[in-house]
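First up is the structure itself, then whatever we jot down about it.
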Amino acid sequence: MVDSQLSYSFGSPLVLFDHVSSGYSGRKVLDDVSFRIDEPAVYVVLGPNGAGKTTLFRTLAGVLKPYSGRAEICGYSSESQEARAQLDYLTHIDGIPEGMSVLNALRFYAGIIGASEADIDKVIGMLGLSDLVAKRFGQLSQGQKKRVSVARIFLKEKKVYLLDEPTSNMDPKIAGEIRELVLGLSKNRVILYSSHNLFEAREIGSKVIAIKQGKLAMFGNISDIKTEKYTIGIRTLAAEDVPCAIGKEGDYHLFELQGPEEVSDLIAKLTGQGVQIREVKEMQNPLEELFK
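Just so you know, the sequence shown maps onto residues 49 to 340 in this note's numbering.
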């Protein structure tokens, strides 16, 4: 389901990749990738680890210069100051000094980008940071740190946001909270949200940009992705039997579902029965089926 034909319309697309090849030290990671985004939505950049998702983000952010083709944000070359003024980029690294208080960190970054005290108050309210503003960043939990990092990139309104696996290594509850926050902030914005998890992709986005081995494998609706078999593993806080599990693999209780859309109901059912869930993991990679 690859569509690399760019049908141009009046006005500049919000995001454009036009036959882009990009990588590091002369080695291609992305190879002749084309797509365009004209409408605000959450677009999940989906692919296995090493597929080229972070390279795509770094090229869009102007960190990497394409070897060939063109990458644009709102009609400007991704390497230009005009393009950088239209986007913000949340990387794997929080980029906030551990010894700085949350409030001072937000003020520091607001000063760099020209945001106001009113903007700081707005993101503190949006992301529920009122109880954390006096704490040092290093004192925060992993989920709290991510909320502060998300607040930092939403200090000043942009048209395009790049979020590179923002829930990686988080427990399901905190990951779900971050996805809800992103959805709440996504109105009238383009958000590219990378993941290697099909369950998360269905939770957060309506559109998918699927990458396989540096090539565009799919650009379309997430609802079009079908799976023949979907097995998840659930790791609990205590060594206990878990109702309805079909077996166990290591520390993971196994469940076979029709698809990722059933995961939320299963989690709700198990937690309602008192099961304390530590982690939810896809036990086979459904992307391999997608990319056959």
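Here a beta-carbon is modelled for each residue, glycine too, at the ideal position from N, C-alpha and C.
For residue i, which residues of its own chain have a beta-carbon under 7 Å away from its beta-carbon, when the five flanking residues on both sides are left out?
{"i": "glutamine 261", "result": "Ala99"}
{"i": "glycine 281", "result": "Glu297, Tyr300, His301, Leu302, Lys329 and Met331"}
{"i": "valine 111", "result": "none"}
{"i": "asparagine 97", "result": "His244"}
{"i": "serine 254", "result": "Ala89, Val90, Asn269 and Ile270"}
{"i": "valine 290", "result": "Ile282, Thr284, His301, Leu318 and Val323"}
In this structure, does DSSP put residue i in helix, strand or coil?
{"i": "serine 128", "result": "coil"}
{"i": "leucine 240", "result": "strand"}
{"i": "glutamate 35", "result": "A question about residue 35 goes unanswered here, because the residues of the chain that appear run from 49 up to 340."}
{"i": "valine 50", "result": "For valine 50, the pLDDT reaches just 41, beneath the cut-off of 50, and the residue's location in the model is therefore unreliable, leaving the point undetermined."}
{"i": "tyrosine 115", "result": "coil"}
{"i": "isoleucine 273", "result": "coil"}
{"i": "lysine 221", "result": "helix"}
{"i": "isoleucine 161", "result": "helix"}
{"i": "valine 68", "result": "strand"}
{"i": "isoleucine 121", "result": "strand"}
{"i": "lysine 101", "result": "helix"}
{"i": "alanine 153", "result": "helix"}
{"i": "leucine 233", "result": "helix"}
Taking the beta strand (DSSP E) that residue i belongs to, which residues open and close that run?
{"i": "asparagine 97", "result": "Taken as a continuous stretch (DSSP letters only), asparagine 97 belongs to no beta strand (DSSP E), as it is neither H nor E."}
{"i": "threonine 284", "result": "278–284"}
{"i": "aspartate 212", "result": "208–212"}
{"i": "serine 82", "result": "75–85"}
{"i": "isoleucine 259", "result": "255–260"}
{"i": "leucine 138", "result": "135–138"}
{"i": "glutamate 304", "result": "300–305"}
Could you name the residues of the same chain whose beta carbon sits closer than 6 Å to that of residue i, not counting the 5 residues immediately before and after it, in chain order?
{"i": "glycine 74", "result": "none"}
{"i": "glycine 295", "result": "Leu302"}
{"i": "proline 88", "result": "Asn236, Arg237 and Val238"}
{"i": "tyrosine 56", "result": "Legend: pLDDT at tyrosine 56 = 37, less than 50; position of this residue unreliable, value from coordinates given subsequently. Within the same chain, tyrosine 56 has no close Cβ partners at all."}
Tell me whether residue i is buried or exposed, calling it buried when 16 or more other Cβ atoms sit within 10 Å of its Cβ.
{"i": "proline 145", "result": "exposed"}
{"i": "alanine 316", "result": "exposed"}
{"i": "aspartate 212", "result": "buried"}
{"i": "glycine 322", "result": "exposed"}
Which residue comes first and which comes last in the alpha helix (DSSP H) that contains residue i?
{"i": "arginine 326", "result": "No alpha helix (DSSP H) contains arginine 326, which is instead part of the beta strand (DSSP E) from 325–330."}
{"i": "aspartate 169", "result": "165–174"}
{"i": "glycine 320", "result": "311–320"}
{"i": "lysine 183", "result": "Element bounds for lysine 183: n/a, residue is neither H nor E."}
{"i": "serine 197", "result": "190–201"}
{"i": "glycine 143", "result": "Counting along the chain, glycine 143 falls outside any alpha helix (DSSP H), and DSSP gives it neither H nor E."}
{"i": "glutamate 251", "result": "246–252"}
Leaving out the 5 sequence neighbours to the left and right, which residues in its chain are closer than 8 Å to residue i when beta-carbon positions are compared?
{"i": "leucine 229", "result": "Met174, Leu175, Arg195 and Val198"}
So, does the CB of residue i fall closer than 8 Å to a CB anywhere in chain C?
{"i": "leucine 175", "result": "Among the protein chains of the structure shown there is no chain C, as only one such chain exists."}
For a test of your reading of the model: does the CB of residue i fall under 7 Å from any non-hydrogen atom of the ligand SAH? Yes or no.
{"i": "isoleucine 257", "result": "The ligand SAH is not part of this structure, which contains no ligands at all."}
So does the stretch 262–271 actually touch the stretch 116–127, counting three or more Cβ pairs closer than 8 Å? With a cut-off of 8 Å on Cβ pairs, the stretch 262–271 is not in contact with the stretch 116–127, counting fewer than three such pairs.
Should the stretch 189–198 be regarded as contacting the stretch 170–177, the criterion being three or more beta carbon pairs within less than 8 Å? Two segments are said to touch when three or more pairs of C-beta atoms, one from each, lie closer than 8 Å; by this definition the stretch 189–198 touches the stretch 170–177.
Does the structure place the stretch 220–232 close enough to the stretch 150–168 that three or more beta carbon pairs sit under 8 Å? The stretch 150–168 is not in contact with the stretch 220–232.
Mind the definition here: the stretch 131–146 touches the stretch 308–320 only if three or more C-beta pairs lie below 8 Å; say whether that holds. Taking 8 Å as the limit for Cβ pairs, the verdict is that the stretch 308–320 does not touch the stretch 131–146.
Whether or not the stretch 61–72 and the stretch 226–235 are in contact is what I'm after, with contact meaning three or more pairs of Cβ atoms, one per stretch, closer than 8 Å; do they touch? With a cut-off of 8 Å, the stretch 61–72 and the stretch 226–235 do not count as touching, because too few Cβ pairs lie within range.
The stretch 200–211 / the stretch 138–155 touching (three or more Cβ pairs under 8 Å): With a cut-off of 8 Å, the stretch 138–155 and the stretch 200–211 count as touching, because enough Cβ pairs lie within range.
The stretch 177–194 / the stretch 149–160 touching (three or more Cβ pairs under 8 Å): Taking a cut-off of 8 Å for Cβ pairs, the stretch 177–194 and the stretch 149–160 touch, as three or more such pairs fall below it.
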